[in-house]
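Sequential numbering of the sequence shown, starting at 2, is according to our numbering.
For reference, the structure discussed in these notes is given below.
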Amino acid sequence: MDPGSVPQLPPVPPNIGSIAGPTLIGSLFNYFLFGILSVQCYIYHYSFPEDKLLIKSLVYSIMTVEILQICMNGADVFYWFARGYGNLLMLDSTYLSPFDTPMLGSIVALIIQLFFCYRIWTLRKSYWWISSIIGLISIVQVIGGIGGAVLGHNIRHFSAAQAATPLYTYMWLVGEAVADVFIAIVMTYLLLETREKTHSMSHSIVTRIVRLTVQSNSLTAGVALLSLILFVGAPGTTYFTAPTIFLGKLYSNSLLATFNHRIFLRHRDEPFKRSLRSQESSSTPSSNNFFAIRTTPSSQDSYNKKPVVQIDVETATNNLNDSVEMVTKPPRFGNHF
2 MDPGSVPQLP PVPPNIGSIA GPTLIGSLFN YFLFGILSVQ CYIYHYSFPE DKLLIKSLVY
62 SIMTVEILQI CMNGADVFYW FARGYGNLLM LDSTYLSPFD TPMLGSIVAL IIQLFFCYRI
122 WTLRKSYWWI SSIIGLISIV QVIGGIGGAV LGHNIRHFSA AQAATPLYTY MWLVGEAVAD
182 VFIAIVMTYL LLETREKTHS MSHSIVTRIV RLTVQSNSLT AGVALLSLIL FVGAPGTTYF
242 TAPTIFLGKL YSNSLLATFN HRIFLRHRDE PFKRSLRSQE SSSTPSSNNF FAIRTTPSSQ
302 DSYNKKPVVQ IDVETATNNL NDSVEMVTKP PRFGNHF
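Have a look at this one:
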């Protein structure tokens, strides 16, 4: 073959690290978070076999999507850094990344955000309009993610896709951040409002649930905003791809952390639960409330006949996860935490 007929590849530029680094770092974080997600899924499967079929389907569906995403991301990494080693044209190619990052990532975010919308509605039926607004915002972000994925796949080059997909990127990242902030605010308000109606001994339970809700939603919203800042503030680079690659894993881990957090709550508050079980309930707990309230007379308040509101820890921790069936026996991992 005539050497002159072989197409010449562009030379490797001195800033190759800033070109290849973001996708490599984002992929490494993606694998790391997938490992954590796998452990969380195993803990959930082993510890809560009696959860409702709906909850199990949600968890295993999310895990299936994440397995698909990590396989596609692995194909991207092989294409960029193995098959295309030293080839800047292949490194600039989007390959499968439009589908495994904005498309699957926005779908995972939609599923989890709609789950929290349903939780808000079950906590307070009159807040259906707030749940609807958050749901609409989440639908907007998934439209942006899918639209950006299709357009990015058609363009096929990172260098050109950033300038051609600003609208879809804004819809995707801004929508995710706004929905997460709304969820954190509304859930925190409802939980703190419930906290005021419960016994003082149960305040630590509500506080831990509030802290988990705020931390998980703040983390996903912050990473989405960071991706948007890099997209707008560093045009012509691939910096924004690093956080977007693993953004979906943050959503999935936050959902599994919410479910598995029941293990820690039960273990921490075991003495309190034993004291509650020893008391006679004067009213039947309602499964529609986030906290099952028991009203029992206190020795200090018996003179004034004032009821003391107490919280049923078992029902509270299970109702956190969308009215999951109460598991009367401790989880199998309960003694190890």
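From the three backbone atoms N, C-alpha and C, an ideal C-beta is built for every residue, glycine too.
- By alpha-carbon distance to P11, the top candidate from Y96, L90, Y43, A165 is L90.
- The closest CA to that of P103, considering only N88, W122, L152, is found on L152.
- For K57, the uninterrupted alpha helix (DSSP H) run begins and ends at 54 to 79, by DSSP.
- I71 is not a Cβ neighbour of N16, given a cutoff of 8 Å.
- By the Cβ test, the stretch 106 to 118 is not in contact with the stretch 38 to 55, since fewer than three Cβ pairs between them sit closer than 8 Å.
- Put simply, the stretch 169 to 189 touches the stretch 205 to 214. At least three CB pairs are less than 8 Å apart.
- Here F260 is near V60, since their CB atoms are less than 8 Å apart.
- Approximately 19 Å separates the beta-carbon atoms of M73 and C42; this is outside 8 Å, ruling out the contact.
- Where T166 is concerned, there is no enclosing alpha helix (DSSP H), because DSSP gives it neither an H nor an E.
- Take V175, set aside five residues on each side of it, and the residues of its chain with a beta-carbon closer than 7 Å to its own are L229, in chain order.
- A straight line joining the alpha-carbon of I147 with that of F100 spans about 8 Å.
- Excluding its 5 nearest sequence neighbours in each direction, Y128 has C-beta neighbours in its own chain below 6 Å: I121, listed in chain order.
- Under the 10 Å beta carbon count, W173 is surrounded by 16 or more other beta carbons and is classified as buried.
- Using a Cβ distance threshold of 8 Å, L137 and I206 do not count as a contacting pair.
- Between P14 and the set L69, F33, Y80, L92, the nearest pair of CA atoms involves L92.
- Between T239 and T24, the C-beta gap is smaller than 8 Å, which places the two residues in contact.
- When the alpha-carbon of I68 is set against those of I264, K250, S255, A258, the nearest one is in K250.
- Following the DSSP letters along the chain, one finds T24 inside the alpha helix (DSSP H) bounded by residues 17 to 48.
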